[in-house]
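Engineer: Here's a structure for you.
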Amino acid sequence: MKRCTWATTDLMKKYHDEEWGKPLHDDQALFELLILETMQAGLSWSIILNKRENYRKALDGFDPYKIVLYDQKKIEELLSNPGIIRNKLKINSLLKNAEAFLKVKQDYGTFDAYIWSFVKGKPIVNHFNNTEQVPAKTELSITISKEMKKRGFTFFGPVTCYAFMEAAGLINDHLNDCSFK
């Protein structure tokens, strides 16, 4: 089986084979990915995947309705949790992103409807031969990032947005020779 060249460890292979690039339309799963991508900013994705279960436990299963109600005591608990990234700005962004996510759901019915509207409901399939051809950001990720920042999302710049789009299947960046293309 041929995989994209970045899938080298067992965890990354599993993620590549089962999740990455597959169109995702479940709001709860989209919120989880959004939060994980914002926590990843400046770090490697493998670090975040290794901490994913810790995040699920610490963040009440990525429930935005619970996260939006976190108080200072809960924030302090998260900041002292060695199983997650303990960056104060990123931890504080959880509440803002949960609030923005719920507002989008209120405005659009689902976050899915909102985020997929940027690609007209259909994944963009790129045709790259090697990872060096895959961009870190695009005009579309810049546009979406700006729109989401206007809506109150934080730690969601164009590079994080592009990674989210790949992870959620809005963009299919599996390499041309990948069995999962």
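The sequence shown stops at residue 164 when you use our numbering, and every number in between is there.
We treat Cβ as the ideally placed atom computed from N, Cα and C, and that holds for glycine.
None of the values given here were measured: they were computed from a predicted structure.
(1) Can you give the Cα-Cα distance for Glu59 and Asn112, rounded to whole angstroms?
(2) Between the region 94 to 109 and the region -6 to 9, can you find at least three pairs of beta-carbon atoms closer than 8 Å?
(3) Relative to the alpha-carbon of Leu19, which residue among Leu32, His(-1) and Gly92 has its alpha-carbon at the smallest distance?
(4) Can you tell me which of the three DSSP states Val108 falls into?
(5) Would you check if the distance between the CB atom of Asp10 and the CB atom of Lys79 is smaller than 8 Å?
(6) Any chance you could list the alpha helix (DSSP H) runs of at least 4 consecutive residues sitting entirely within the region 26 to 113, in chain order?
(7) So who's on the other strand from Asn155, going by DSSP bridges?
(8) My output table needs one value for Thr(-9): the three-state DSSP class, helix, strand or coil.
(9) Tell me the residue span of the alpha helix (DSSP H) that contains Leu7.
(10) How big is the Cα-Cα spacing for Ala146 and Ala119?
(11) Verify whether the separation of the beta carbon atoms of Phe138 and Thr21 is less than 8 Å.
(12) Between which two residues does the alpha helix (DSSP H) holding Ser128 run?
(13) Do the CB positions of Met165 and Ser162 come within less than 8 Å of each other?
(14) Near Gly66, what residues of its chain come up, given a Cβ to Cβ distance below 7 Å and the 5 sequence neighbours on each side ignored?
(15) Between Arg69 and Leu77, is the Cβ-Cβ spacing less than 8 Å?
(16) In three-state terms, what does DSSP make of Lys(-3)?
Structural biologist: If we stick to the structure as given:
(1) So the alpha carbons of these two residues sit roughly 45 Å apart.
(2) yes
(3) Among Leu32, His(-1) and Gly92, the Cα nearest to that of Leu19 is on Leu32.
(4) DSSP, reduced to helix, strand and coil, places Val108 within a strand of the structure shown.
(5) no
(6) 28 to 41, 47 to 50, 55 to 62, 71 to 91 and 94 to 100
(7) Val108
(8) coil
(9) No alpha helix (DSSP H) contains Leu7, which DSSP labels as neither H nor E.
(10) 8 Å
(11) yes
(12) Boundaries of the alpha helix (DSSP H) around Ser128: Glu122 to Lys133.
(13) Look at the range of the chain in this structure, -16 to 164, and you will see that residue 165 is not part of it.
(14) Lys34, Asn37 and Ala41, listed in sequence order.
(15) no
(16) helix
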